[in-house]
Amino acid sequence: MQVVVAVVSAAIVGLVTDRPAWAWSMAWGGFSVILPAFLFSRALVRQMRLVSSKAAVLSFFVWELVKVVLTVALLCVAPNVISGLSWLALIAGFVLTLKMYWLGWYWSAIRSRSV
């Protein structure tokens, strides 16, 4: 769902504003959420195989730290990657994509109540 929102929102910004840098900024904001979250989720799946609960907890915190550091790094390199970067579009793409966690959780809760 996050990928769809990031791509669609970047496409809408690109079409409405006719400024490719704004669309790329919006997409990079979404990418700054999607890539770290994907890596974190992959790590959590692998973590399920750990026998020791202490190792699992430590692994969780290490991968959460990796996720945060990668997110900050992606946001920091954005001006070097996108010429004419729009910080407003970047942050809007970031926040919009990040909020999809809540919307997904909400839809999941509604779906489970109706069943």
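Per the working numbering, residue 7 is the first one in the sequence shown, and the count goes up by one each step.
No residue lacks a Cβ here, since even glycine has one placed at the ideal position from N, Cα and C.
From a predicted model like this one, the values you see are computed outputs, not experimental measurements.
Asked, Found
"Neighbourhood of F37 by C-beta distance below 6 Å, restricted to the same chain and skipping five residues each side", "none"
"Residue span of the alpha helix (DSSP H) that contains S92, given as start and end", "It is not in any alpha helix (DSSP H) - S92 carries neither H nor E in the DSSP assignment."
"Nearest candidate by alpha-carbon position, reference V78, set A27, G20, L41", "L41"
"8 Å contact criterion, which V72 and L45 should meet: CB distance rounded", "7 Å"
"Assigned secondary structure, S58 (DSSP; H/G/I helix, E/B strand, else coil)", "coil"
"Nearest-angstrom Cα separation, counted from A16 out to T23", "11 Å"
"Three-way DSSP call (helix, strand, coil) for K73 in this model", "helix"
"Whole-angstrom distance between Q8 and I116, CA atom to CA atom", "19 Å"
"Cβ-based burial, M54 [other Cβ within 10 Å; buried from 16]", "exposed"
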